[in-house]
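In the numbering used here, the protein residues as written are 2 to 123.
For each residue, glycine too, the CB sits at the ideal point set by N, CA and C.
Here is the structure we will look at, set down as structure tokens.
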């Protein structure tokens with residue numbers, strides 16, 4: 002069986018290194034090449050073993066004089082395979098004005114352990 006490779010574009014800094022992750026026949030990582038900093042190596046290792054994402058979106062706001070939507074994000078990264086679950090949960094949410102930066106709009110969104118928090122005042 003030949004060794005497999007996966008090529009990633011690192012998103013941890015603006016450099017955008019093209020990182021190649023090579024795997025042994027048993028699926029374990031044999032090498033990581035092409036990164037320019039330690040963050041790139043860490044990103045590549047995590048991306049092929051346990052990919053996570055920070056989810057950002059907006060939620061409607063009621064009772065506000067000017068703002069009709071508030072930007073929100075997860076308080077921490079969530080497993081990539083849970084992103085659609087998070088977005089499905091967001092679809093049923095709304096906030097009531099006033100909303101302040103850091104307010105928790107939804108605790109433990111989609112059972113991920115992450116809260117959905119406001120990223121601006123509304």
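When the beta-carbon positions are compared, residue 20 and residue 14 stay at least 8 Å from each other. By the CB criterion at 8 Å, residue 60 and residue 106 fall inside the cutoff. Unbroken beta strand (DSSP E) stretches of 3 residues or longer found wholly inside the stretch 24 to 106: 30 to 34, 57 to 63, 70 to 75, given in chain order. Within 10 angstroms of the beta-carbon of residue 41 lie 16 or more other beta-carbons, which makes it buried. In this structure, residue 55 lies near residue 75, with their beta-carbon atoms less than 8 Å apart. When secondary structure is reduced to three states using DSSP, residue 123 falls in the coil class, being assigned neither helix nor strand.
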